Amino acid sequence: MDNLDPHQRPPDDIKDVYKKYQKMKPKDLDRDLDIVDLPDSLATSAKDKVRIVEDWSGHDLTAAFRAFSGQEGQMYADLPPRIPVYEHVDMPGLHIVPNLLPPEIQTLLLSRLLHRDLSNPAHLTNIHTHYSLSYPDASASFFTYPPTSTSPIATPLDPSVHKPLTVPQLLNKKMRWTTLGGQYDWTAKQYPPSTPPPFPSDIKNLLESIWASTRAEAAIVNLYSPGDTLSVHRDVAETSGTGLVSK
15 MDNLDPHQRP
25 PDDIKDVYKK
35 YQKMKPKDLD
45 RDLDIVDLPD
55 SLATSAKDKV
65 RIVEDWSGHD
75 LTAAFRAFSG
85 QEGQMYADLP
95 PRIPVYEHVD
105 MPGLHIVPNL
115 LPPEIQTLLL
125 SRLLHRDLSN
135 PAHLTNIHTH
145 YSLSYPDASA
155 SFFTYPPTST
165 SPIATPLDPS
175 VHKPLTVPQL
185 LNKKMRWTTL
195 GGQYDWTAKQ
205 YPPSTPPPFP
215 SDIKNLLESI
225 WASTRAEAAI
235 VNLYSPGDTL
245 SVHRDVAETS
255 GTGLVSK
């Protein structure tokens with residue numbers, strides 16, 4: 015997307031929609047007719063704007079999930095034979111698959127991301143911009159540290175600007191995201207030319223089993239605390255026209 019400027023401000027009309035829903039109360043969200051909540055929206059006036067564009071094989075997805083879970087996985091019921099993929103007429107190209115990952119797979123994926131990949135020094139985080147981070151042993155995770163420890167785990171690169179961070183400060187609030195594979199430079203808004211670290215193979219296989227046309231090369235894992243939101247921004251750094259996957 016060389017013709018798009020990643021630093022350009024988002025359109026005002028998109029920001030207005032963002033602000034509307036950011037301020038909206040939960041009870042009002044439930045009554046908002048513009049919100050599409052699949053598959054329930056198929057029984058409302060929104061059904062005229064939602065269509066099924068593809069059906070996926072439940073058998074193939076079940077096989078992909080079981081391959082990902084391996085010996086750690088719990089038994090769960092097979093998926094329905096066909097999994098519908100939806101598209102809204104106002105947003106062609108955005109494909110929506112409600113409840114794609116079973117809860118057991120969601121839990122296992124989060125466990126591997128937080129206990130294995132977050133504590134891998136090859137996966138940069140927002141902390142690395144201003145801090146040097148102390149890592150646990152290779153077989154451990156940040157969550158093996160005492161949760162009430164007052165010892166610094168993140169040392170500021172410039173002590174005159176930032177203060178050291180303890181384990182609870184780091185994990186409860188300051189850690190905002192980590193990267194997998196290609197290490198996106200958020201300041202320059204581009205991928206560096208250097209060879210990226212390998213993408214976690216089990217997650218790569220899971221993603222590519224579901225989306226056969228997509229190659230899992232780079233990802234960002236956003237870590238939210240209650241009340242956190244992600245502001246409107248432009249993602250135009252990809253040089254490929256292949257679709258992005260968001261969960």
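Going by this note's numbering, the sequence shown opens with residue 15, and the numbers climb by one from there.
Glycine included, each C-beta is placed from N, C-alpha and C at the ideal position.
Small disclaimer: the values here were computed from a predicted structure and weren't measured.
Counting along the chain, Thr169 sits inside the beta strand (DSSP E) bounded by residues 166-170. Comparing alpha carbon positions, the residue from Leu108, Thr121, Ser239 closest to Glu68 is Leu108. When DSSP states are grouped into helix, strand and coil, Thr180 belongs to the strand group.
DSSP, read as helix, strand or coil, puts Ile66 in strand.
For Ser227, there is no enclosing beta strand (DSSP E), as DSSP marks it with neither H nor E. The C-beta of Asp54 has fewer than 16 other C-beta atoms within 10 Å across all chains shown, which makes the residue exposed. In this structure, DSSP gives Pro117 a helical state, which the three-state scheme calls helix. Tyr145 sits in a strand when the DSSP states are folded into three classes.
If you ignore the 5 residues before and after Pro112, its C-beta comes within less than 8 Å of the C-beta of Leu52, Pro53, Tyr100, all in its own chain and listed in chain order. The beta carbon of Phe79 is closer than 6 Å to those of Ile119 in its chain, skipping five residues each way along the sequence.
DSSP places Leu108 in the coil class of the three-state scheme, outside both helix and strand. Distance from the CA atom of Gln36 to the CA atom of Gln183, rounded to whole angstroms, is 26 Å. About 7 Å separates the beta carbon of His137 from that of Pro211, a gap short enough to meet the 8 Å contact definition. Contact between the segment 239-246 and the segment 161-171 is absent: fewer than 3 CB-CB pairs across the two stretches fall below 8 Å.
When rounded, the separation of the alpha-carbon atoms in Leu244 and Met189 is 14 Å. Gly195 is a Cβ neighbour of Ala230, given a cutoff of 8 Å. Shown here, Arg80 sits in a helix according to DSSP, grouped into three states. By the Cβ neighbour-count rule, Pro25 is exposed, with fewer than 16 other Cβ atoms within 10 Å of its own.
Between the C-alpha atoms of Leu220 and Asp92 there is a straight-line separation of about 17 Å. Ranked by how close their Cα comes to the Cα of Pro94, the residues Pro135, Leu75, Ser83, Phe213 have Leu75 in first place.
Shown here for Thr180: same chain residues with a beta carbon closer than 7 Å to its own, the five before and five after excluded, namely Ser163, Thr164, Ser165, Pro166, Ile167 in chain order. DSSP, reduced to helix, strand and coil, places Gly72 within a helical segment of the structure shown. Around the C-beta of Asp131, 16 or more other C-beta atoms lie within 10 Å, and the residue is accordingly described as buried. For Thr228, the CB contacts under 7 Å within the same chain, skipping 5 residues up- and downstream, are Leu221, Glu222, Thr256, Gly257, Val259 in chain order.
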